[in-house]
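Each protein sequence line maps, in turn, to chains A and B.
Its first residue numbered 1, the first sequence is counted upward by one per residue in full-length UniProt numbering.
Its first residue numbered 1, the second sequence is counted upward by one per residue in full-length UniProt numbering.
Structure record follows, encoded as structure tokens.
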Amino acid sequence: MDPTLLRSLTPGVLSILVRRGADFAAAEDAVQDALVEAVRSWPAAPPRDPKGWLVTVAWRKFLDAARSETSRRRREDVVSEEPPPGEVPSSDDTLQLYFLCAHPSLTPSSAVALTLRAVGGLTTRQIASAYLVPEATMAQRISRAKKTIASVRLDQPGDVATVLRVLYLVFNEGYSGDVDLAAEAIRLTRQLFAAFDHPEVAGLLALMLLHHARRASRTGPDGLVPLASQDRSRWDVSLITEGIVVLQAALARDRLGEFQAQAAIAALHADAQTAAETDWVQIVEWYDELAALTPSPVVLLNRAVAVGEADGPRAGLAALSSLDPALPRYAAVAAYLHERDGDFAEAARLYAEAASAATNLAERHHLTRQAARLNSRRSE
Amino acid sequence: MAKYLLLKHYRGAPAPVNDAPMAQWTPEEVSAHIKYMQDFADRLRETGEFVSEQALAQEGTWVRYDGEGRPPVTDGPFAETKDLIAGWMLIDVDSYERALELAGELSAAPGAGGKPIHEWLELRPCYGVAPTITE
């Protein structure tokens, strides 16, 4: 009895039921019942086609439930809609499930929770522990999300950009508890990549792989380790290679999107043997592409950092001067550029300012340490 | 999603509009106040925004490490300090605006005379996890 196999089959079975007309919550109940049945009977009599077996049993469970609950009329409708048994298609259905779980009527957090539950097959307890909320809280969030999409028909094409955003949210949530959400996001994006031919899906997968490759080196005993100080021998070369291959194939199709552009920047960082060998000129060019696609202030802020590396701190400060100082991390970037320009007093002041505005503890500790480093250097 | 702490203060904030000490309320007023907060928490459980809550006793002690081999220094209990925390609720919401909305709602719990007490609440974001994309 292989729980991994069951988990990988669940989304496909669920989406087939939903496509056949079961509403989401009823379909999920039926699939759960079928899984219980599988655990009970497979060890003695393993099926030749596990997915077909699950679909058949889950559909029967669904019909049983529908029959016991609804009127004769309704039951006959459902039975008459039943497609001929036998054939169990395709990855297409799982794809529909991605679109359903990322439906625009859901808030981002609900979409994330539902995706992890329905597409990822995680338990409510696992999702709750990853988000550090009580299980009951997560159960309510998921059940409300299901209600919200109960009336959504699965035959409408979804918006791939929304699906990608949800997967990227999962990735950025990091990890805690017994589920590594970054790894989970990569697993799901790989599935999507296999089922759906779109250069931005490839772009997102490449971006995740390239970031994930550096994960072990991003934190040390003192908290965050900046890119330039990371131990590059700890970067995962196989993930980097895979990310670059996926990215190059996507770029070759000449349909650039923001995830491909971000992945290209990450690839240039990953490519450099040492921080000093980073190709900052090309990185600035990619930031220009990215800014043309999404001129968000965060992109422009990162671009100012790259300009500072490519053309010197004065040029970086000039690029920064057109941006709103209230932006998150503006002060940190300004501090860094002033330090490189030799203005240590101003840099220390800005690092301290950035530390007090930081939104996570690791970042605040890092920035406080930078301010302290400059202050002790000045008093020497 | 971001977590926010709603801190209820015994005192320390500007005097609320409906400023009658709880001990002088009628039992019905006290019950109405408590029921309001319970209903509020229940609704947040429904929406999946509730994390936890706890009421805190008025006695608190400040403690400080005072050097190797020496007992910790305490300077309490003291009833006069301006910042005794009466309780807290931790919520997990989509936005700062939503947190603000909920804090406003909690602050409207009924007090003396069944009127909202306009209680001061402190709304503090919790630190999040480190974002992945910073370089």
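Where is the CB? At the ideal position from N, CA and C, for every residue including glycine.
No experiment lies behind these values; they were computed from the predicted model shown.
Excluding the 5 residues flanking it on each side, V51/B has same chain C-beta neighbours closer than 7 Å at K3, L90, I91, D92, in chain order. Taking 8 Å as the Cβ-Cβ cut-off, the UniProt domain "YCII-related" (19-106) of chain B approaches chain A at R45, E46, T47, G48, E49, F50, V51, S52, D92, D94, given in chain order. Bounds of any beta strand (DSSP E) do not take in I244/A; it lies within the alpha helix (DSSP H) bounded by 237-251.
At least 9 Å separates the CB of V13/A from every CB of chain B. Inter-residue distance for I16/A and Y96/B is about 39 Å (C-alpha atoms, whole angstroms).
In the same chain as P104/A, and ignoring 5 residues on each side of it, the C-beta atoms closer than 8 Å to its own belong to D159, T162, in chain order. Among the residues of the segment 112-134 of chain A, those with a Cβ less than 9 Å away from any Cβ of chain B are V112, A113, Y131, L132, V133, P134, in the order of the chain. At a cut-off of 9 Å between beta carbons, K3/B contacts chain A. The C-beta of Q54/B has fewer than 16 other C-beta atoms within 10 Å across all chains shown, which makes the residue exposed.
Closest in alpha carbon position to A292/A, among V281/A, Q262/A, A272/A, E277/A, is Q262/A. In terms of Cβ geometry, A34/A and A58/A form a close pair [threshold 9 Å]. Boundaries of the alpha helix (DSSP H) around Y351/A: 344-357. In the three-state scheme derived from DSSP, where H, G and I count as helix and E and B as strand, E49/B is classed as coil. Contacts between Y10/B and chain A, judged by CB atoms closer than 7 Å, are missing: the closest CB pair is about 27 Å apart. Boundaries of the beta strand (DSSP E) around H9/B: 2-9. Excluding sequence positions up to five before and after A264/A, its CB lies within less than 6 Å of the CB of W286, all in the same chain and listed in chain order. Taking 9 Å as the threshold, the shortest C-beta distance from N375/A to chain B does not fall below it.
Using a CB distance cut-off of 9 Å, G114/B does not count as an interface residue toward chain A.
Taking CB atoms only, T10/A has no neighbour in chain B less than 9 Å away.
Boundaries of the beta strand (DSSP E) harbouring D92/B: 85-93, taken from the DSSP string. Interface residue (Cβ-Cβ distance to chain B less than 9 Å): Q260/A is not classified as such.
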